[in-house]
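Reviewing the structure listed below.
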Amino acid sequence: MTSRERILAAVAQNQPALTPLPLVPSFQLETPDLVEKFSQVAVNIGSWVLEVRDYEEIQEILLQDFKAHHRIISHVPEVSSFADATALEDPQRHLLENVDLAIIKGHFGVAENGACWVTEDLLGVRVVPFICQHLAIILPKHQMVPLMHDAYEKIGDAEYGYGVFIAGPSKTADIEQSLVLGAHGPRTLTVFLME
Amino acid sequence: MRMKEEHTKDHAALAEDFNQDEPRVNWHDETLWFIREKRDRAAFAIPDWELLRETASQIKFHTLSNLSQYLQQFEANAQANGMTVHWAADAQEHNQIVHSILQQHGVTQMVKSKSMLTEECHLNDYLEQQGLEVIDSDLGERIVQLAKEPPSHIVLPCIHLKKEEIGNIFHQHLGTEAGLSDPQILTETARQHLRETFLTRKAALTGVNFAIAETGEFVVCTNEGNADMGAHLADVHIASMGIEKLIPRRSDLGVFLRLLTRSATGQPITTYSSHFKKPRPGHELHLILVDNGRSVQLGREDFRNSLKCIRCGACMNTCPVYRRSGGHSYQSAVAGPIGSILAPNLDMKKHADLPFASTLCGSCSNVCPVKIDIHTQLYKWRQVIVKEGYADPKKAIGMKAMNLVLSSPNTFKLSGKAGRWFMKTVPFLVSNQMNPWYKQREMPQPPKESFGEWYRKNRPQHD
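One line per chain: the protein sequences are A and B, in this order. Just so you know, we're using this note's numbering here: the first sequence kicks off at 146 and counts up by one. Just so you know, we're using this note's numbering here: the second sequence kicks off at 44 and counts up by one.
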């Protein structure tokens, strides 16, 4: 008997009588203004949130902090004038270790927790939003859902190899509960909410 | 080496050691209470919090009631997604599977993100004995790994250490200057040190927070981004999970991700909630399903409910005993109230002290996001442990004496009188180190008379 067979037999024998799978009740967010709620929560968890009209405005804002000597990468065609897409291949993923800024698109935001849903087709390489020193996510402003239940309703049975909710810059409070931004991933997260 | 297996002291004795340094105990207590307060603020901000808990509890219990089916459904879907699924009956088989995967790839160094299951299995010790190197990448876990200690808390592994001590550990092991204690600088040091590790390791192991039967994907939650850094840079990703981590549907994550971090640290969600569904093209993703006693616990009617646990640590932060005795006094990978109902299932004799490490105040059950009746189970484990003959003999004698006194009204009255007389006349007989109730306590002023005596004098005469 293999371990698989033994475990499954023991589980089948010991599991209690079947109870029903509950329907998840319909939960509501009290605040009606999703963009305001998203921005407020996102700022609380350490993100910067900026409402922008177009890609030119994004470029203008980012190039105030990032100069020619900084390495900027992106899979987003609209920012290709100042962000490089050439190293975004899996075999070259280790070469991304000196990236200063990565710009990615997000599918939608979640108002209750300031999270952005991203899947690997938007990244080029999975490690992109983790290995960069700073991360910018471009989110369509009207793509905002109230709660995580709504987020999964929107995701539905979408097909992806890898997907991630990103909520804020990487952080830790492991040392005496002192919050430090920039644990292993990006030190800052800027969310651009685009009209 | 990590903490040795042999138990020379029980929880009470280790708690007593921990209490030698009173300011430090107070600091530990207050730090954890601060997290409990953050949890409260996050939970109270959600009007439907109780409904959310109840829904989570029902989903988890349903999953347990159909676990054999869900395990097979998950396996089939995960395989269809391109993962390799392994089954491990116990800790040793789990460790051997990890070792064999590493051997197949000629890997001798691995990076690992947080996984309490691998602590339970003592994976690091096992691999080190085989000559392999494991580096823990969660900051708190890396700190205790360097200090050669086990984590003292499932969410906050080095909550027992002060920043000056961490500065000292980094000075000894990472060559930083002596006397550092700024958390910002210490974290930056660890970031640089571990970045090198992430970039050079060919294999990464992560834990699993939730596995979805209907899609064959699993979710890993971190704030640091360490699980993703390890897994996405390595050629081989190994994910280890207990069989109780399953949930039926992807949409159920909406319930659990809302509860997990609010209960754990008071955050609305972790920075990263990563959904791994398929391996990166050309790379391997191994998933190990581990039983290690869980199917036995599933068969214990009074205790199976403990398998609903989502490892948020809320019960530890709120527990008056945990806060004042520290995680290491439990001598179990999972400490605190939940650890005290999980550990006796793994080894009842070794962990016989843990169900007694509680005041049964019920705070743990009240904060549990999946509504595990933790304090009721602690009480039930005590009865099992006494019945099986594993109870502390001192406790057994005391209980027999109490039984004698309480079963006869006359003896009870007499002992009460004698007790009051002793406390009033010769207080040193009770207020001494021989009496465990006197430790860290002032004895109360004895009442002049018992309630029975008072009532006889004061009851209305017309009755």
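Idealized CB from N, CA, C, for every residue including glycine.
Annotation for B:A131: no alpha helix (DSSP H) segment contains it, though the beta strand (DSSP E) segment containing it runs T127 to A131. Under the three-state reduction of DSSP, B:M359 is assigned to helix. Taking a cut-off of 8 angstroms for Cβ pairs, the region 301–321 of chain B and the region 253–268 of chain B touch, as three or more such pairs fall below it. At a cut-off of 7 angstroms between beta carbons, B:I312 contacts chain A. If the five residues before and after B:L145 are omitted, its C-beta is found closer than 7 angstroms to the C-beta atoms of M153, L175 and A246, all from its own chain and listed in chain order. The residue among A:H294, A:L153, A:G327 and A:E304 with its C-alpha nearest the C-alpha of B:D295 is A:H294. Neighbourhood of A:R271 in chain B, by CB distance below 7 angstroms: H275 and R323, in chain order. Cβ neighbours of B:A134 within its own chain (closer than 6 angstroms, five residues either side excluded): C164 and N335.
The three-state reading of DSSP puts A:K316 in strand, counting E and B together.
Taking a Cβ-Cβ threshold of 9 angstroms, the residues of chain A close to B:H105 are L163, T164, P165, L166 and P167, in chain order. When C-alpha distances from A:V270 are compared across B:K443, B:H142, B:E171 and B:L276, the shortest belongs to B:L276. Here the alpha carbon of B:D83 sits roughly 8 angstroms from the alpha carbon of B:S306.
For B:P490, the three-state secondary structure derived from DSSP is coil.
At a cut-off of 7 angstroms between beta-carbon atoms, A:G251 makes no contact with chain B. Between B:A270 and B:V251, the gap from beta carbon to beta carbon reaches 7 angstroms or more.
Interface flag for A:G254 against chain B is unset, since no Cβ pair is found closer than 7 angstroms. Taking a cut-off of 8 angstroms on C-beta distances, the region 210–217 of chain B does not touch the region 286–302 of chain B, as fewer than three cross pairs fall below it. Neighbours of B:E267 in chain A, taken as residues at a C-beta separation under 9 angstroms, are given in chain order as S315, K316, T317, D319, A328, H329 and G330. Taking 7 angstroms as the cut-off, the Cβ atoms of B:Y422 and B:L403 count as close. Within the same chain, and ignoring the five residues on either side of A:A260 in sequence, the residues whose Cβ sits closer than 6 angstroms to its Cβ are F310 and A312. Listed as beta-bridge partners of B:I255 by DSSP are B:E260 and B:I290. The Cβ atoms of A:V325 and B:Q235 do not sit closer than 7 angstroms to each other. Rounded to the nearest whole angstrom, the CA to CA distance from A:P331 to B:Q116 is 37 angstroms. Taking a cut-off of 8 angstroms for Cβ pairs, the region 222–231 of chain A and the region 294–305 of chain A do not touch, as fewer than three such pairs fall below it. For B:F465, the enclosing alpha helix (DSSP H) starts and ends at P452 to T468. Interface criterion not met: the Cβ of B:M445 is under 7 angstroms from no Cβ in chain A. Each residue's CA atom was taken as its position, placing B:E65 and B:G309 some 28 angstroms apart. Under the Cβ distance rule, A:V325 counts among the residues neighbouring chain B, one pair being separated by less than 7 angstroms. Residues are counted here when their Cβ sits less than 9 angstroms from a Cβ of chain A; for the region 106–130 of chain B these are T106, L107, S108, N109, L110, S111, Q112, L114, Q115, E118, N124, G125, V128, H129 and W130, given in chain order. Residue contact with chain B for A:Y297: present (Cβ-Cβ distance below 7 angstroms to some residue of chain B). One alpha carbon belongs to A:L163, the other to A:Q173, and they sit about 30 angstroms apart. B:Q152 has B:E176 as its beta-bridge partners, per DSSP. Contiguous beta strand (DSSP E) elements confined to the region 262–302 of chain A occur at 279–285, taking only those with 3 or more residues. For B:L302, the enclosing alpha helix (DSSP H) begins and ends at L296 to A307.
The C-beta of B:R499 has fewer than 16 other C-beta atoms within 10 Å across all chains shown, which makes the residue exposed. Counting along the chain, B:V187 sits inside the alpha helix (DSSP H) bounded by residues L182 to L189.
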